[in-house]
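Beneath this line is the structure, given in structure tokens, with notes to follow.
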Ligand code: ASP
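Residue numbers (the numbering used here): 5 to 603.
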């Protein structure tokens, strides 16, 4: 070994001992007679001092040291002079008085200072990711991610799961995205697809009798990248045989509580995780990814609002739309600037406008409201009676502000759920240390695609319809609820799962409903359907995003912070400059000709 001690180790108790350390020159301060450097390795920083009286050669050589040079240093641990201690560093009570210095390597001038406190542009960080990862925070995040997967491995192993690797070169496994494809050289004209997830493979493993499978699996989806997506992501993928929905949820609940408490002890997680049906989640929060760390729940007031003189409300209600809103507590005194600001925010989510009703705090009660207590741009059209009714339905109190949106149900929900999060932020209602997990279950199995005029699976096509909804498959597929659920945390989807279909005929029926032809079925899913004819056990499982989980645990907004080598928003890797052209010879071997798009 080049070192016998890590930089972060020395303490007062080691004063007097002779040690050898190795690492990077973090900072250098030349005081002429004395040269100080902070030496950094993965464990932290150690101040070292070159004093010609203790090592003349080392002192001379130290004059040439620059940031990020790699050195090996031998010397004695000494106590720092009183007053020169650094309470911010665990090693701040001591320093290393160097007798020998070996320069192991030099560095050209770094593209940015290796520090958590310097702002560096995102592209430069990725281009020099190997330097970016030297920052202490990035090292911490790599370790956190490792701890999370380590906990997963341990816990699942104890629970009798077997880790199985599934192939990366496979065939299309539709999960609702476009495939990444890889041309085959030995089968000219044929392509592999990279797995969008190991879905069919894990189901096949259940048919194989594995019973409990898991994998920290890489999934590839060629999507137009929305904010904070990566073309490849990692998920904890698992599948269990002979289970019901509750059994699968229980495993995740135990595991995720363990992960949170073991990796970030200061977070709070409360169990059991609350459960909301999809319908309830939409009704109360306007989204299937509810952030339940705060209230501000939505209320539907369509009928009451439409009973007023307000034409907007009447028009929306008569065209089948909905009128909903929530109460911003103690915001009744908002001025014009604040309400304009919120209206702009609502419009940026697609709303035509935002209706306010403010109740002055001087009102004795909602029942005793007088005209002078109410402020609203629609006041002319809303009788005091209607306002009292709306306020009672929404649970408003004197001093509160009601925020109301009218439109199609989908639009109203989108606007209000965004507005709800925005208000929580403005009112500082979010405890950033809290991890509020919630199960959302009983999703519809299909969504109607207006453009294609056909049903699409809401999640994927392998989820089982609820037993009591089987008849709707023939009569009204839109009504079928699946044994299908999501795990949500702090308003983000953490993963989804379901009890799967394990019967060939039922699976075929679902393929038919979403419009696959017989040829497409046997081409894409023949292997799974065949396997189902050989005694497939009932089974279910989940795919849970690892990147998002680690980001939430770390309090990071962007998942690229917790991925060692992520890609940019345009799926580009600035470090390797991938994707890139390949040699003509490679194309020839693959029998591929590139036809560039006309610009
Ligand atoms: N394969 C699914 C996905 O990647 C998860 C699951 O149902 O297990 O979303």
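Don't be surprised by glycine CBs; every beta carbon is placed ideally from N, CA and C.
Query, Result
"Enclosing beta strand (DSSP E) for residue 433 [first to last residue]", "Run containing residue 433: none; DSSP gives neither H nor E here."
"Nearest neighbour of residue 193, chosen from 601, 593, 534 and 599 [CA to CA]", "593"
"Among 495, 515, 486 and 513, nearest to residue 501 - alpha-carbon criterion", "486"
"Rounded straight-line distance, which links the Cα of residue 360 to that of residue 428", "17 Å"
"Exposed unless 16 or more other CB atoms sit within 10 angstroms - verdict on residue 479", "exposed"
"Environment of residue 26 [buried if 16+ CB atoms lie within 10 Å]", "buried"
"Pairwise C-alpha distance: residue 563 and residue 145", "11 Å"
"Residue 516, enclosing alpha helix (DSSP H) - first and last residue", "508-517"
"Element boundaries [beta strand (DSSP E), containing residue 24]", "22-35"
"Contact test: residue 241 Cβ vs the ligand ASP heavy atom, cutoff 7 Å", "yes"
"Segment limits, beta strand (DSSP E) that includes residue 243", "236-245"
"Spatial distance of residue 287 from residue 13 (CA atoms)", "55 Å"
"Residue 327 and residue 391 closer than 8 Å at C-beta", "no"
"Contact between the segment 392-400 and the segment 295-309 (3+ Cβ pairs under 8 Å)", "yes"
"Enclosing beta strand (DSSP E) for residue 109 [first to last residue]", "98-109"
"Three or more C-beta pairs below 8 Å linking the segment 228-241 and the segment 538-549", "yes"
"Spatial distance of residue 216 from residue 278 (CA atoms)", "25 Å"
"Beta-carbon spacing of residue 459, residue 517 below 8 Å", "yes"
"Segments assigned beta strand (DSSP E), at least 3 residues, entirely inside the segment 404-478", "405-411, 441-445, 450-453 and 458-461"
"Strand pairing of residue 543, partner residues [DSSP]", "245"
"beta-carbon residue 223 near the ligand ASP non-hydrogen atom, thresh 7 Å", "yes"
"Under 8 Å between C-beta atoms of residue 120 and residue 94", "no"
"Neighbour-count burial assignment, residue 588, 16 or more Cβ in a 10 Å radius", "exposed"
"Three-state secondary structure assigned by DSSP to residue 18", "helix"
"Residue 547 CB to nearest heavy atom of the ligand ASP below 7 Å", "yes"
"Given 8 Å, three or more beta-carbon pairs between the segment 408-427 and the segment 347-357", "yes"
"Exposure label - residue 453; buried when at least 16 CB within 10 Å", "exposed"
"Cβ neighbours of residue 499 in the same chain (closer than 6 Å, five flanking residues each side left out)", "491, 546, 547, 548 and 549"
"Touch test, the segment 188-208 against the segment 151-167, Cβ-Cβ under 8 Å, three pairs minimum", "no"
"8 Å CB neighbourhood of residue 308 in its chain, flanking five on each side removed", "390, 393, 394 and 397"
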